[in-house]
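Written below as structure tokens is the structure these notes are about.
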Ligand code: GTR
């Protein structure tokens, strides 16, 4: 066990862009100790084999049809575009309906790709709208593209609807990997849209979609910045830090998220060949930002913080950042603004 401060060669950046709304590192966390962790190079293949499953090659964008374009939404600051994209996969086509908000300015904006939980319309004025502070994102100079995550892969152990996993024969990848694959296809789509640039692209996700954002960032080096928010177990949190969700709980509740053999590590976390700080370091030298809610116990925010601490030495100065805010499991405007401030820095 090592004291965090001793271990740290370079402290991670702690969110400070909006000091009144962000807690400084809770006092008790400063005394937190790192558990014994596997060392050595980060190995994407080990993560594929053990946890997420292999992402197949292929699946290419064949068509992007503009369905609607509204100019001057958000008090004139943005254009809102809807497209239907077709992705050809070995056993058929996957169709994705995208929603883009783009600054109504001449110069191309870097894009955030982020999946939503309950549908594109809900992100504008439905149940999910509080997770999508579009006006602020536009004001920060970013475009944002979203898709309903279940259009990529149903979140169901025995899906009746067809997702991408049914369109590739003989692959063993979990739903988290399928959503990560979807984030890359979203970036393919964004790349062809006028007014958007893939340079400086951000993959961002909350909770299960934060797990997917990290796996997308690890595999797709077009993402300049990866942001996980409240991603917890199999996201940014260390398996070997006790607290919150563990492998037994997650594989019981969500067996379809991972390769089936991952459940063999239930109650045997110390036997895993990797831990999640290595997932973070696998993204270096590209940049990573981890966000936690101080009271989000199920996601083990201390475990997320310690993963950032352990990963820190693999990054250049400013390459990895962390912020914790008061409150629980949510994706808030403060989280977005902290992440975009980090990305811009
Ligand atoms: C929980 C799950 C977490 C997290 C969360 C979410 O039920 O245990 O791993 O992914 O759902 O996605 O909201």
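Numbering (the UniProt record's numbering), first residue to last: 1 to 345. Glycine residues also receive a C-beta, built at the ideal position from the N, C-alpha and C atoms.
- Each residue's CA atom was taken as its position, placing residue 268 and residue 97 some 41 Å apart.
- Judged by beta-carbon spacing, residue 149 lies within the 8 Å limit of residue 116, meaning their Cβ atoms are closer than that value.
- Here residue 43 carries a coil assignment [DSSP, helix/strand/coil].
- Non-local beta-carbon contacts of residue 90 in its own chain, meaning distances under 7 Å to residues more than five positions away in sequence, involve 58, 167, 168 and 169 in chain order.
- Runs of the beta strand (DSSP E) lying entirely within the segment 110-161 and spanning at least 3 residues, in chain order: 143-146.
- The ligand GTR approaches residue 208 closely enough that one of its heavy atoms is under 7 Å from the residue's Cβ.
- Residue range 301-311 is occupied by the alpha helix (DSSP H) that includes residue 309.
- Residue nearest to residue 290 within the set 211, 327 and 297 is 211 (criterion: CA-CA distance).
- Taking a contact to require three or more Cβ pairs closer than 8 Å, the segment 186-193 and the segment 154-168 do not qualify as touching.
- In the DSSP annotation of this structure, residue 184 is not part of any beta strand (DSSP E); the continuous alpha helix (DSSP H) holding it starts and ends at 175-191.
- The alpha carbon of residue 101 has as its nearest neighbour, out of 95, 112, 251 and 94, the alpha carbon of 112.
- The segment 318-334 and the segment 219-239 touch, with three or more beta-carbon pairs separated by less than 8 Å.
- Secondary structure of residue 91 (DSSP, three-state): coil.
- In this structure residue 68 is exposed. Its beta-carbon is surrounded by fewer than 16 other beta-carbon atoms within 10 angstroms.
- A direct Cα-Cα distance of roughly 6 Å separates residue 230 from residue 329.
- A contact is defined here as three or more CB-CB pairs under 8 Å, and the segment 302-321 fails this definition with respect to the segment 248-267.
- Of the heavy atoms belonging to the ligand GTR, at least one sits nearer than 7 Å to the Cβ of residue 253.
- A straight-line Cα-Cα distance of about 33 Å links residue 299 and residue 74.
- Non-local beta-carbon contacts of residue 92 in its own chain, meaning distances under 7 Å to residues more than five positions away in sequence, involve 167 in chain order.
- 287 is the residue among 242, 194 and 287 whose C-alpha sits nearest the C-alpha of residue 214.
- The beta carbon of residue 283 sits closer than 7 Å to those of 217, 218 and 226, all from its chain and outside the five residues before and after it, given in chain order.
- The C-beta separation of residue 278 from residue 38 comes to about 7 Å, placing the pair in contact by the 8 Å criterion.
- Considered as a whole, the segment 196-257 harbours 196-206 and 225-229 as its complete beta strand (DSSP E) runs of no fewer than 3 residues, in chain order.
- Checking the DSSP bridge columns, you'll see residue 324 partnered with 292.
- Counted as a single uninterrupted DSSP element, the alpha helix (DSSP H) harbouring residue 27 occupies residues 27-30.
- DSSP places residue 60 in the uninterrupted beta strand (DSSP E) bounded by 60-73.
- When 129, 208 and 243 are compared, the shortest CA-CA separation from residue 297 is found for 243.
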